[in-house]
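Peer 1: Residue numbering for the sequence shown follows the working numbering, starting at 318 and increasing by one per position. This is the structure I want to talk about, given as structure tokens.
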Amino acid sequence: MAPDIPTLRRDFPTLAQIVNGHPLVYLDNAATTQKPQPVLDALNHYYRDTNANVHRASHALSGQATRAFEAARGKVARFINAPAPEQVIWTRGTTEAINLVAHSFGMHHLQAGDEIVLSTLEHHANIVPWQQVAAATGAVIKVIPLTAGAELDLEAAARLISPRTRLLAVGQVSNALGVINPVRELIAMAKSVGAVTLIDGAQAVGHLPVDVQSLDCDFYVFSGHKMFAPTGIGVLYGKREWLEKMPPWQTGGEMIKSVSFEHTSFGELPFKFEAGTPNIAGAIALGAAVDYLSGLDRAALARHEHKLLQQLLTGLAAMPDVHIIGRPQAGSVSFTIDEVHPQDLATLLDMQGIAVRTGHHCAMPLMQALGLEQGTIRASVAFYNTEQDIAALLAGIHKAREFF
Ligand code: PMP
């Protein structure tokens, strides 16, 4: 059955507003998604009714907060099919999760000459931490190039991944181009040479079902705010063997068993990686986002999003001076318009209440590889977008082209 989008939209208070005199058309979901009422309620409920620190005190509120916080970990574990909740480590987001792996795994398990394989499509968050590791350890970064169609070149990947490869770190869905990468094939290639795998799922979790056991990756990372939860909370999933072996990254309170001035022994998983007071409200609200999504027919929502992308791609393809970049499949569509600076178009669209993103999308090496120094215009959908949203964007682009 087709999802009842107008009814679902009522769950998202931000969507029902007038921006610059027009109803908001929010097409910047790859940057961050809007939050449904149950997520806002979860945040409010925690701070109003149960605010207390977790794991430490024996008083009632602390018990309630701890139970809600740990229940949220269990919800996230089930959402991504992790074998156990303790394999879900709370982080601030994708960036911090990758930094955790870079420091804890990369700095301790990589050596001079080891190769780290990334792809041209990566977000800066999945490039810069590995550069730091390479600079400190002497490991070498290798980059999977693109095909002429701006997709990840699997044949080149097969040549690049060798017994020297120690780590493969790639995104599941490109935030800049909306292409779905063949992560299963890449993980299989990496495993055949004994390399460790990290999948950046930041742009996948809001659109695709994720099953970390079926993917069989060693690490999977994502941000709550890209899947209708608040900012400041994210997840590192890891295989137990690695999480057990890796040393803590940040240290301090919450992550210890015992401390003396001579010696500290660290806590068990997941606490060993969670130094300091965590984002309790954020974790609980991420649990609420998981509940919310789990109550919807996600396959039907994915079909709806797919229809929106087709509508957008067909509309753009009919404009001769518009160039769609690559083959968008999930979430984002990037395009350029001859003689129009992306930023100028975005400003004109904003005047019509239409929110899109322009620029390099935190993927400067990708933009360089594509020869797009000015970046692109990116429209990115979530399930709450409508055919009217896409029609408004296409009409806005028409209007802007006349203006220039
Ligand atoms: N990777 C990808 C593919 C992303 O889209 C983003 C966010 N734009 C990140 C990593 C970084 O996520 P965050 O800023 O939430 O840490």
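Glycine included, C-beta positions come from ideal geometry on N, C-alpha and C.
#1: When you compare only the Cα positions, how much space is there between A385 and G688?
#2: Can you list the alpha helix (DSSP H) stretches of 4 or more residues lying completely in the region 631 to 693, in chain order?
#3: Measure the Cβ-Cβ separation of A696 and V650 and say whether it is below 8 Å.
#4: May I ask you to check if the CB of T412 is nearer than 7 Å to at least one heavy atom of the ligand PMP?
#5: Cβ of H621 versus every heavy atom of the ligand PMP: is any distance shorter than 7 Å?
#6: Can you check which of these residues, G488, V487 and Q448, is closest to A456 by C-alpha distance?
#7: Count the other CB atoms within 10 Å of the CB of D706; is the residue buried (16 or more) or exposed (fewer)?
#8: Based on Cα-Cα distance, which residue from A686, P682 and S540 lies nearest to H440?
#9: Given the structure, does N498 come close to the ligand PMP, in the sense that its CB is under 7 Å from one of the ligand's heavy atoms?
#10: Any contact between the region 572 to 589 and the region 402 to 416? By contact I mean 3 or more CB pairs, one from each, below 8 Å.
#11: Check each candidate in G670, E579, N702 and A359 and name the one with the smallest Cα separation from A546.
#12: Tell me which residue opens and which closes the alpha helix (DSSP H) that E387 is part of.
#13: Work out the CA separation of T331 and Q354 for me, nearest whole Å.
#14: According to the Cβ coordinates, are E413 and H524 closer than 8 Å?
#15: Have a look at L485 and I433 and give me their C-alpha separation to the nearest angstrom.
#16: Helix, strand or coil for P340? Go by DSSP, reduced to three states.
#17: Hey, would you say V342 sits closer than 8 Å to L710, going by beta carbons?
#18: Suppose contacts are defined by Cβ-Cβ distances below 8 Å. Is I415 in contact with L435 by that definition?
#19: By alpha-carbon positions, which one of A602, T350 and L560 ends up nearest to A388?
#20: Span of the alpha helix (DSSP H) holding G488?
#21: Mind checking whether the beta-carbon of G488 lies closer than 7 Å to any heavy atom of the ligand PMP?
#22: F721: which of D655, A686, A505 and E704 sits nearest, CA to CA?
#23: For the candidate residues A647, E591, P565 and A600, whose alpha-carbon lies nearest to that of I550?
#24: Once you ignore the five residues that flank S582 on each side, which residues in its own chain have a CB closer than 6 Å to its CB?
#25: Return helix, strand or coil for D608, following the three-state DSSP convention.
#26: Of the residues L378, A382, R483 and L633, which one's Cα is nearest the Cα of H425?
#27: Rounded to whole angstroms, what's the CA-CA distance from Q381 to I597? Just pull it up for me.
#28: Quick one, which of G569, G495, A442 and M506 has its alpha-carbon nearest P480's?
#29: For E591, I'd like the list of residues in its chain whose CB is within less than 8 Å of its CB, leaving aside the five on either flank, ordered along the chain.
#30: Restricting to runs no shorter than 4 residues, where is the alpha helix (DSSP H) found entirely within the region 464 to 528?
Peer 2: With the given structure in hand:
#1: 49 Å
#2: 659 to 668 and 681 to 686
#3: yes
#4: yes
#5: no
#6: Q448
#7: buried
#8: P682
#9: no
#10: yes
#11: A359
#12: A377 to F396
#13: 10 Å
#14: no
#15: 6 Å
#16: strand
#17: yes
#18: no
#19: A602
#20: G488 -> not in any alpha helix (DSSP H); beta strand (DSSP E) instead, spanning T482 to G488.
#21: yes
#22: D655
#23: A600
#24: K574 and S575
#25: helix
#26: R483
#27: 12 Å
#28: M506
#29: I406, W407, E571 and M572
#30: 471 to 477 and 500 to 509
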